[in-house]
Amino acid sequence: MAALLRAMQENDIDRALTCSLKGVLYDFTEGNEETLATCAGDRRLVPVGTIDPRRALGCEEQVVRLAGRGCRAFRFFPNEQGWPFDFLPFLRVVARIEEADGVVFVPCKASGAATELLRLLGGRALAVVLCEVGYWNFAEVLACGREAPRFHLETHLLDTPEALEMAAEVYGEGRLLLGSNAPETTPGPAIAMVRASRLSEPGKAGVLGGNVARLLGMQNAAD
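Residue numbers for the sequence shown follow the numbering used here, so the first one is 17 and each next one is one higher.
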């Protein structure tokens with residue numbers, strides 16, 4: 017946590033979506049409690065719930081409990097945990113998140129992942145944020161963005177301002193969200209790419225915080 021807060025301070029970041037690695041790699045119930053307790057003690061941190069759908073008991077109930085405690089963002093880690101998107105326990109958890117008006121954050125690094133997510137989630141009435149997108153599957157993700165108006169794109173692995181501008185042409189400036197993978201990687205380059213782009217000034221402000229604040233029902237990125 018100290019490393020994350022240090023990265024935020026060094027890059028003038030007001031708030032950061034935050035989850036516990038304990039929830040990813042060990043026990044999501046304990047990890048989510050750790051996340052909520054940490055975020056309650058520091059208003060710079062916004063809680064993100066994690067759920068491992070391989071555990072049959074308590075997954076859907078955990079969504080309800082987290083939503084009742086003000087958590088609206090839910091991040092999934094299928095690569096680390098070893099399960100596919102076309103996995104009924106995952107889809108049942110997503111249905112609960114949809115009922116709770118939550119936002120789903122999913123990795124979309126592999127070719128074909130965005131297409132599969134479009135098939136499975138594209139028709140649902142919830143926001144889905146495609147994370148870890150890069151040049152290797154950029155064309156696929158753009159094509160899926162045209163088909164699914166509730167898909168959003170996380171931008172930290174886009175490698176040029178021109179790529180960000182191309183994404184904005186398809187998704188619109190309001191569906192692009194800054195990510196950083198901090199503290200594992202520094203957020204500085206991802207922020208600099210947004211600022212160097214030819215997006216409008218309101219569009220840049222949206223990518224740098226306003227868009228995710230709107231999705232999560234926060235008044236603005238500083239609240």
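Note that beta-carbon positions come from the ideal geometry of N, C-alpha and C, so glycine has one too.
Asked: 7 Å Cβ cutoff, proline 218 in contact with chain C; Found: Annotation note: the requested chain C is absent from the structure, which comprises a single protein chain.
Asked: Proximity below 7 Å, CB of valine 157 to CB of valine 144; Found: no
Asked: For arginine 135, the residue or residues it bridges with in DSSP; Found: According to DSSP, which records beta bridges pairwise, arginine 135 is partnered with nothing at all.
Asked: Nearest to leucine 73 (by Cα), restricted to the options Phe90, Pro100, Phe106; Found: Phe106
Asked: CB contact flag (leucine 193, asparagine 227, <7 Å); Found: yes
Asked: Rounded Cβ spacing between threonine 66 and cysteine 87 (contact assumed at less than 8 Å); Found: No, threonine 66 and cysteine 87 are not in contact; Cβ-Cβ is about 10 Å, not under 8 Å.
Asked: Residue range of the unbroken beta strand (DSSP E) whose run includes arginine 91; Found: 89-91
Asked: Reference leucine 169; option with closest CA among Ala184, Ser216, Glu178; Found: Ala184
Asked: Assumed close pair leucine 33, valine 79 - CB separation to whole angstroms, cut-off 8 Å; Found: Contact flag wrong, Cβ pair sits at about 17 Å.
Asked: Rounded C-alpha distance that separates asparagine 236 from tryptophan 99; Found: Summary for asparagine 236: the model assigns pLDDT 49, below 50, so the residue's position carries little reliability, and this model does not support an answer.
Asked: At least three beta-carbon pairs within less than 8 Å, the stretch 42-60 to the stretch 212-219; Found: no
Asked: Between the CA atoms of alanine 229 and aspartate 30 - distance to the nearest angstrom; Found: 12 Å
Asked: Identity of the residue in Arg108, Glu178, Cys75, Leu173 nearest asparagine 197 by Cα; Found: Leu173
Asked: Alpha-carbon to alpha-carbon, methionine 182 and arginine 81; Found: 39 Å
Asked: Distance cut-off 6 Å: phenylalanine 154 Cβ against heavy atoms of the ligand FAD; Found: Of ligands this structure carries none, so the ligand FAD is not represented either.
Asked: Coarse secondary structure for valine 109, derived from DSSP in three states; Found: helix
Asked: Expected contact under 8 Å - CB spacing of glutamate 178 and glycine 222 to nearest Å; Found: Actually they do not touch by this definition, with Cβ atoms about 19 Å apart.
Asked: Backbone secondary structure at threonine 176 - three-state DSSP; Found: coil
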